[in-house]
Amino acid sequence: MTPNGEMLIVADRLVADEFASRLAPSSPTTCSDPYDALAAMRDRPWPLIVLTASQPDLAGFCRAVRRLQRDARVMVLCAPAAEPQVRPLVRDTVDDYFIYPLMESDWRELLAESD
Amino acid sequence: MNGDDISSGSSRVVVLSRDVALAGAVRCDTDGAAYQCAGTSGPYEAAAELLAGPVLALVLDLRCLTPRHLRLLSIARENHVEVLAVGSLPFGITTTDLSGVRLTAVNDLPDELRRLARVGPAAARAPATGTGPAPEAAPEVEAPREPLVRAAPAGPPKQPLQTGGPRASGERPAHRPTDLLTDEELAALLEDRT
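Protein chains in written order, with the numbering used here: chain L, 73 to 187; chain D, 3 to 196.
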């Protein structure tokens, strides 16, 4: 079982706070800046990485993530309008994606990834 | 990643460009095995390559650089990676942002990279702080470097501040306009204080 502290979240403050409240008392590592996230990925392996599709050059960022974290489960949160942009990344660099805001069933499924 | 799948090593050259011609110009020398290329098409991928292991140099097509991605240059500096830039200054980026980056002509890239491969990565060339043996001298004189950001041209040499103290020659120089105080003025001031 992977503690939730082993989860790296690359998202803005709003999403990060939502994860923090869901995962309390565990505190996931969060980065709002993609370059900070890449630096964190250099330092250690992460079993689960969750990132939002609001990153510019999402495909390039996902390739960068996969370059540094070959074995991680990589999940993307995206708005419905961004789904066509995210779907082609699945199984290439991303393991799966969720439409954001998440429903209760999505939360359960996502948090199950960290177990 | 769209680049070559290469192993980590200090002879790696990361190329950030969407221009096939530029990537080809850099790779034209890989037959000689002086260095290996990792091609990337975006700044995040280039940053990941820099973070993934030792890198000899980053060849940067300036068209790929935006103000949002200046952090890439910070990562290169932190990892002592030589950055060779090609192109012109992108909109929204100043010469100060590109401090330490060297502007290079595309045709000169292979020679420049071969030279870097001979002398080794910048991290290895950095002066040692320990007490180990001194590094060997470079086998040949390096070509003059051309930093993208040049220091302001030096003005006329400044006159040293005159103190009015005794001089080795014992001679009293003539008063010059650049002197702050003559010996007499300084002595008068000191007398006033006592």
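Positions of the beta carbon are idealized from the N, C-alpha and C atoms, including for glycine.
Since this is a predicted model, take the numbers as computed values, not measurements.
Which of helix, strand or coil DSSP assigns to residue i
{"i": "residue 144/L", "result": "coil"}
{"i": "residue 77/D", "result": "helix"}
{"i": "residue 190/D", "result": "helix"}
{"i": "residue 110/D", "result": "helix"}
{"i": "residue 190/L", "result": "This structure gives no information on residue 190/L, because the portion of chain L shown stretches from 73 to 187."}
{"i": "residue 26/D", "result": "helix"}
{"i": "residue 86/D", "result": "strand"}
{"i": "residue 41/D", "result": "strand"}
{"i": "residue 91/L", "result": "helix"}
{"i": "residue 172/L", "result": "coil"}
{"i": "residue 63/D", "result": "strand"}
{"i": "residue 57/D", "result": "coil"}
{"i": "residue 123/L", "result": "strand"}
{"i": "residue 166/L", "result": "strand"}
{"i": "residue 103/D", "result": "coil"}
Minimum Cβ-Cβ distance from residue i to chain L less than 8 Å
{"i": "residue 49/D", "result": "yes"}
{"i": "residue 37/D", "result": "no"}
{"i": "residue 78/D", "result": "no"}
{"i": "residue 53/D", "result": "yes"}
{"i": "residue 73/D", "result": "yes"}
{"i": "residue 90/D", "result": "no"}
{"i": "residue 143/D", "result": "With a pLDDT of only 38 at residue 143/D, under 50, the local geometry of the prediction cannot be trusted, and the value read off the model is given with reservation. False, the Cβ-Cβ gap to chain L never drops below 8 Å."}
{"i": "residue 139/D", "result": "At residue 139/D, the pLDDT of 41 sits below 50, so the modelled position is not reliable and the matter cannot be decided from this model."}
{"i": "residue 70/D", "result": "yes"}
{"i": "residue 43/D", "result": "yes"}
Nearest-angstrom Cβ-Cβ length linking residue i and residue j, presumed shorter than 8 Å
{"i": "residue 79/L", "j": "residue 106/L", "result": "Wrong, their Cβ atoms sit about 17 Å apart, outside the cutoff."}
{"i": "residue 101/D", "j": "residue 63/D", "result": "With 8 Å as the limit, residue 101/D and residue 63/D do not qualify as a contact, their Cβ atoms being about 19 Å apart."}
{"i": "residue 152/L", "j": "residue 171/L", "result": "6 Å"}
{"i": "residue 118/D", "j": "residue 84/D", "result": "6 Å"}
Residue i classed as buried or exposed, judged by whether at least 16 other C-beta atoms fall within 10 angstroms
{"i": "residue 107/D", "result": "exposed"}
{"i": "residue 45/D", "result": "buried"}
{"i": "residue 124/L", "result": "buried"}
{"i": "residue 130/L", "result": "buried"}
{"i": "residue 175/L", "result": "exposed"}
{"i": "residue 138/L", "result": "buried"}
{"i": "residue 86/L", "result": "exposed"}
{"i": "residue 159/L", "result": "exposed"}
{"i": "residue 52/D", "result": "buried"}
{"i": "residue 186/L", "result": "buried"}
{"i": "residue 43/D", "result": "buried"}
{"i": "residue 168/D", "result": "The predicted position of residue 168/D is uncertain, since its pLDDT is 46 and thus under 50; a value taken from the coordinates is nonetheless stated next. Classification for residue 168/D: exposed."}
{"i": "residue 122/L", "result": "buried"}
{"i": "residue 13/D", "result": "buried"}
{"i": "residue 47/D", "result": "buried"}
Sequence-distant residues of the same chain with beta carbon closer than 6 Å to residue i, five excluded per side
{"i": "residue 102/L", "result": "81, 88"}
{"i": "residue 104/L", "result": "84"}
Neighbour flag for residue i against chain D, beta carbons, 8 Å
{"i": "residue 184/L", "result": "no"}
{"i": "residue 110/L", "result": "yes"}
{"i": "residue 167/L", "result": "no"}
Contact test: residue i Cβ vs the ligand SAH heavy atom, cutoff 7 Å
{"i": "residue 107/L", "result": "Within the structure as shown, the ligand SAH is missing, as the structure has no ligands at all."}
Close Cβ partners of residue i (< 7 Å) along its chain, the five nearest in sequence each way excluded
{"i": "residue 140/L", "result": "110, 113, 114"}
Spatial neighbours of residue i in its chain, beta-carbon cut-off 8 Å, leaving aside the 5 residues before and after
{"i": "residue 157/D", "result": "Residue confidence for residue 157/D is low, a pLDDT of 49 falling below 50, so the modelled location carries little weight; the figure read from the coordinates is stated next. Excluding residues within five positions, none has a Cβ falling inside 8 Å."}
{"i": "residue 94/L", "result": "179, 183"}
{"i": "residue 115/D", "result": "15, 28, 31, 36, 37, 58, 59, 61, 86"}
{"i": "residue 99/D", "result": "69, 72, 75"}
Interface partners of residue i on chain A, CB under 8 Å
{"i": "residue 106/L", "result": "No chain A appears in this structure, whose protein chains are L and D."}
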